[in-house]
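Beneath this line is the structure, given in structure tokens, with notes to follow.
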């Protein structure tokens with residue numbers, strides 16, 4: 037139980053309002069399954085049959101997991117996982 | 015260097031070394047100074063290309079009205095070219111953007127319609143789409159999905175970088191519309207297959223993610239993850255600290271999104287140095303610090319600056 041998972045506001049109804057929860061697993065998929073066992077419904081908001089949902093971004097220690105193997109990305113004790121909705125960026129004076 | 019007009023001076027921006035921030039002679043950082051564009055930001059490239067493409071397609075005629083959702087820089091670039099060409103410019107901008115951007119837009123003659131702070135740029139896109147539907151004669155170039163945005167970088171930024179730094183190993187830029195990363199990234203990967211293309215994505219406070227549900231999220235139509243090799247989320251504290259580091263260590267007065275990109279670039283630099291690999295890493299400096307002075311990003315302690323920045327769109 038030693039991976040910290042940060043939850044965005046719109047999903048905190050699944051975590052009793054908690055901003056961050058703890059979980060375990062060897063991969064992101066296992067971690068999400070573990071979280072769902074204590075926060076039922078959360079997995080369904082993060083994933084669908086194709087993998088991570090289109091507008092869900094998950095970062096492992098600030099790196100987008102889609103570039104680290106997606107749901108198969110390896111996670112370790114002490115890691116921080118951050119879930120954020122995909123939004124129109126403002127980077128680079130962007131946009 | 016001599017040009018026929020300000021618009022003709024677009025691009026060909028300097029690439030300068032960052033010797034103090036580079037880990038050593040075999041791992042070097044380079045800054046592409048996009049603030050040296052006609053209106054002072056990287057967005058000039060995309061804006062001028064999008065206008066040119068629309069003119070070529072016969073979408074624009076004198077007196078036409080341009081409409082664009084923008085957090086500022088693209089709007090400023092478009093407003094400048096619109097003024098020169100005789101178009102009217104209407105920007106939809108989140109209300110939580112800096113005062114300087116608003117003033118610059120108005121100075122160039124653009125009308126600004128504010129979208130609610132909550133929801134950030136997502137909300138600006140939604141409002142702009144609504145206004146476009148109500149005003150079918152207006153032309154929305156729509157930077158998030160306009161191929162000319164990415165093409166500007168494919169045809170200019172990419173070739174400039176390769177000419178100045180054939181040994182380039184990494185390209186790091188902020189992620190917004192993704193136009194810079196897609197265009198430059200595609201060009202570089204075609205010519206340097208091993209190049210790393212890293213997106214640095216600003217991570218804002220809760221307000222900006224004020225969606226009602228996950229399905230209201232947004233991914234720019236231009237975004238193609240296969241062009242990238244990595245994507246990093248950077249919080250405002252790190253972006254601010256790096257922006258100040260650029261100023262203190264290299265004398266470079268850059269906007270906050272440049273600090274965001276630098277943070278991701280320095281992580282790549284440390285990784286290369288630790289692995290004993292040679293690296294020549296380009297960081298995009300999207301704009302100068304001038305447009306963010308009123309945010310308080312450059313004065314007082316970092317903690318104070320971060321507090322002042324909370325809830326604002328800093329990039």
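Residue numbers (my numbering), protein chains in the order written: chain B, 37 to 131; chain A, 15 to 329.
All C-beta atoms, glycine included, are put in the ideal place defined by N, C-alpha and C.
Does the beta carbon of residue i come closer than 8 Å to any beta carbon on chain B?
i: residue 310 of chain A; result: no
i: residue 336 of chain A; result: What is shown of chain A runs 15 to 329, which leaves residue 336 of chain A out entirely.
i: residue 231 of chain A; result: yes
i: residue 158 of chain A; result: yes
i: residue 134 of chain A; result: yes
i: residue 228 of chain A; result: yes
i: residue 246 of chain A; result: yes
i: residue 296 of chain A; result: no
i: residue 243 of chain A; result: yes
i: residue 139 of chain A; result: yes
Closest Cβ-Cβ distance between residue i and chain A: below 8 Å?
i: residue 118 of chain B; result: yes
i: residue 46 of chain B; result: yes
i: residue 52 of chain B; result: no
i: residue 108 of chain B; result: no
i: residue 81 of chain B; result: yes
i: residue 122 of chain B; result: yes
i: residue 92 of chain B; result: yes
i: residue 115 of chain B; result: no
i: residue 99 of chain B; result: yes
i: residue 75 of chain B; result: no
i: residue 42 of chain B; result: no
Taking 6 Å as the limit between beta carbons, can you name the residues of its chain near residue i, skipping five residues before and five after?
i: residue 91 of chain A; result: 53, 57, 58, 61
i: residue 210 of chain A; result: 184, 243
i: residue 45 of chain A; result: 30, 32, 297, 299
i: residue 213 of chain A; result: 189, 195, 242, 245
i: residue 205 of chain A; result: 176
i: residue 102 of chain A; result: 79
i: residue 66 of chain B; result: none
i: residue 42 of chain B; result: 56, 118
i: residue 274 of chain A; result: 188, 214, 216, 248, 253
i: residue 139 of chain A; result: 83
i: residue 26 of chain A; result: none
Within 10 angstroms of its Cβ, does residue i collect 16 or more other Cβ (buried), or is it exposed?
i: residue 51 of chain A; result: buried
i: residue 76 of chain B; result: exposed
i: residue 216 of chain A; result: buried
i: residue 134 of chain A; result: buried
i: residue 208 of chain A; result: exposed
i: residue 234 of chain A; result: buried
i: residue 15 of chain A; result: exposed
i: residue 58 of chain B; result: exposed
i: residue 319 of chain A; result: buried
i: residue 289 of chain A; result: exposed
i: residue 144 of chain A; result: exposed
i: residue 227 of chain A; result: exposed
i: residue 193 of chain A; result: buried
i: residue 277 of chain A; result: buried
i: residue 17 of chain A; result: exposed
i: residue 73 of chain B; result: exposed
Determine, using beta carbons only, whether residue i and residue j come nearer to each other than 8 Å.
i: residue 109 of chain B; j: residue 64 of chain B; result: yes
i: residue 146 of chain A; j: residue 122 of chain A; result: no
i: residue 88 of chain B; j: residue 107 of chain B; result: yes
i: residue 198 of chain A; j: residue 152 of chain A; result: no
i: residue 158 of chain A; j: residue 73 of chain A; result: no
i: residue 114 of chain A; j: residue 308 of chain A; result: yes
i: residue 43 of chain A; j: residue 279 of chain A; result: yes
i: residue 64 of chain A; j: residue 163 of chain A; result: yes
i: residue 82 of chain A; j: residue 142 of chain A; result: yes
i: residue 180 of chain A; j: residue 201 of chain A; result: no
i: residue 114 of chain B; j: residue 60 of chain B; result: no
i: residue 155 of chain A; j: residue 68 of chain A; result: yes
i: residue 47 of chain B; j: residue 102 of chain B; result: no
Could you name the residues of the same chain whose beta carbon sits closer than 7 Å to that of residue i, not counting the 5 residues immediately before and after it, in chain order?
i: residue 263 of chain A; result: 34, 35
i: residue 302 of chain A; result: 49, 54, 267, 268, 269
i: residue 286 of chain A; result: 41, 293
i: residue 89 of chain A; result: 82, 105, 107, 119, 124
i: residue 100 of chain B; result: 93
i: residue 110 of chain A; result: 131, 325, 326, 327
Please list, in chain order, all residues of the same chain as residue i whose beta carbon is under 8 Å from its beta carbon, the five residues on each side excluded.
i: residue 316 of chain A; result: 251, 254, 255, 258
i: residue 126 of chain B; result: Note that residue 126 of chain B scores a pLDDT of 43, beneath 50, so its modelled location is shaky and nothing firm can be said.
i: residue 24 of chain A; result: 51, 52, 58, 59, 62, 170
i: residue 313 of chain A; result: 319
Tell me, which residues are paired with residue i by DSSP?
i: residue 80 of chain A; result: A:103, A:153
i: residue 128 of chain A; result: A:107
i: residue 120 of chain B; result: B:93
i: residue 295 of chain A; result: A:43, A:184
i: residue 41 of chain B; result: B:57, B:117
i: residue 55 of chain A; result: A:301
i: residue 216 of chain A; result: A:248
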